[in-house]
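So the structure is just underneath, and the comments pick up after that.
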Amino acid sequence: MTAEVQGAARPTLTTPAAAPSRARGRRTNKVDRSRPAPLSQALLTLVLLVFMVPFVWMVATSLKPGSEVFASPPSLVGSQLRFANFSEAWSYVPFGRYMANGMVVAVLGTLLVCVTSILAAYAFARLEFKGRELIFLLYLITLMVPQEVMIVPMFILMQQLGWTNSYQALILPWAFSAFGTFLLRQFFLNIPKELEEAALVDGANRLRILTSIVLPIARPAVAVLAVFTFINYWNSFLWPLIITNSTDLFTVPVGLNGFLGQQGSQWHLLMAASTISMLPTVVIVLLLQRHLVRGIALSGLGGR
1 MTAEVQGAAR PTLTTPAAAP SRARGRRTNK VDRSRPAPLS QALLTLVLLV FMVPFVWMVA
61 TSLKPGSEVF ASPPSLVGSQ LRFANFSEAW SYVPFGRYMA NGMVVAVLGT LLVCVTSILA
121 AYAFARLEFK GRELIFLLYL ITLMVPQEVM IVPMFILMQQ LGWTNSYQAL ILPWAFSAFG
181 TFLLRQFFLN IPKELEEAAL VDGANRLRIL TSIVLPIARP AVAVLAVFTF INYWNSFLWP
241 LIITNSTDLF TVPVGLNGFL GQQGSQWHLL MAASTISMLP TVVIVLLLQR HLVRGIALSG
301 LGGR
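Under UniProt numbering, the sequence shown has 109 at position 109, and the numbering climbs by one with no breaks.
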């Protein structure tokens with residue numbers, strides 16, 4: 001009988017010990033699966049190096065003498081480092097004016113796109129009105145229309161309004177973003193409605209809920225939209241080239257054409273100016289890096 005009692009008690013002694021072991025095994029497997037494979041890391045490193053080559057070559061060329069830009073065989077580093085190329089590029093054309101114009105257009109345009117996208121996205125995500133889904137679908141269809149197709153009618157409209165060669169012509173035509181509305185709407189839909197319902201019970205209106213509850217939660221998605229919009233405005237070339245005819249309103253991409261001429265092109269100065277023009281976007285990305293990475297991960301733009 002003693003043997004039977006011991007045999008019956010034996011499972012109760014071993015069963016609790018087996019469960020933590022299996023749990024530890026599951027945790028270990030989960031951690032292993034979450035680690036990127038060495039092959040993936042090597043591939044990502046290779047892609048990064050490929051993307052970095054043009055930037056490295058641009059910076060290297062900006063420090064070369066003009067006579068060595070097209071030297072054969074080509075070399076990454078010139079015979080001397082000419083930091084004076086940056087000051088010469090700044091004074092060769094009114095580059096400071098171009099930078100100021102680009103900053104005004106990019107900052108104001110980004111603010112307008114964020115405001116209009118936030119309001120439209122919240123309306124499509126939370127407000128109930130007839131034809132909401134159809135209107136949103138039609139709004140998304142505009143993503144299929146290339147901007148180049150809208151250049152001519154947009155120019156005619158700006159001409160009729162008397163806005164050609166002005167800041168409002170550079171900013172307002174692109175102040176509404178279907179992509180931004182779609183991005184923020186999808187993010188707003190993931191925010192629990194209970195938070196807003198509790199605020200409505202407390203007497204808050206929709207605008208107060210949007211600014212005090214929704215936007216703080218959606219800060220990463222707004223950061224993603226802000227970075228993308230700033231870069232689009234800053235790098236825009238075709239529209240500023242068409243709508244402006246005064247050097248006082250040229251933005252940086254249009255102003256860079258001043259280094260290319262029939263009498264000869266100053267490639268070393270062009271690369272120096274291009275390096276300078278890249279700094280604002282780099283600063284913006286670094287400042288919003290934490291929100292940018294989180295926003296891309298949460299919004300699904302990262303492909304996960």
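All C-beta atoms, glycine included, are put in the ideal place defined by N, C-alpha and C.
Being a predicted model, the structure only gives us computed values, none of them experimental.
The three-state reading of DSSP puts Thr229 in helix, counting H, G and I together. Spanning the alpha carbons of Ala169 and Trp239 requires a straight line of approximately 9 Å. No Cβ-Cβ contact shorter than 7 Å links Gly109 with Ile209. DSSP, read as helix, strand or coil, puts Asn235 in helix. Here Pro54 is exposed. Its C-beta has fewer than 16 other C-beta atoms within 10 Å.
Leu249 places its beta carbon 7 Å or farther from that of Asn85.
Secondary structure in the stretch 178–234: the alpha helix (DSSP H) runs of 4 residues or longer, each lying completely within the stretch, are 178–189, 193–201, 206–209 in chain order. By the Cβ neighbour-count rule, Thr181 is buried, with 16 or more other Cβ atoms within 10 Å of its own. For the stretch 30–66, not one full-length beta strand (DSSP E) segment reaches 3 residues or more. The criterion of a C-beta distance shorter than 7 Å is not satisfied by Tyr139 and Phe188. Relative to Pro280, the option among Ala71, Tyr92, Met158, Met99 whose CA is nearest is Met99. Secondary structure note for Trp174: it is in no alpha helix (DSSP H), with a DSSP letter that is neither H nor E. Shown here for Thr142: same chain residues with a beta carbon closer than 6 Å to its own, the five before and five after excluded, namely Ala178 in chain order.
When only Cα atoms are considered, Ile151 and Ser40 end up about 42 Å apart. When the alpha-carbon of Leu195 is set against those of Thr229, Ala106, Ile217, Trp174, the nearest one is in Ile217.
Distance check between Phe230 and each of Val113, Phe129, Ala60 places Val113 closest, using alpha-carbon atoms only.
Under the 10 Å beta carbon count, Gln147 is surrounded by fewer than 16 other beta carbons and is classified as exposed. Judged by beta-carbon spacing, Pro173 lies within the 7 Å limit of Met154, meaning their Cβ atoms are closer than that value. Exposed is the label assigned to Leu260, since fewer than 16 other Cβ atoms lie within 10 Å of its Cβ. Taking the Cα of Asn165 as reference, the smallest distance to any Cα among Ala272, Val105, Leu183 is reached at Val105.
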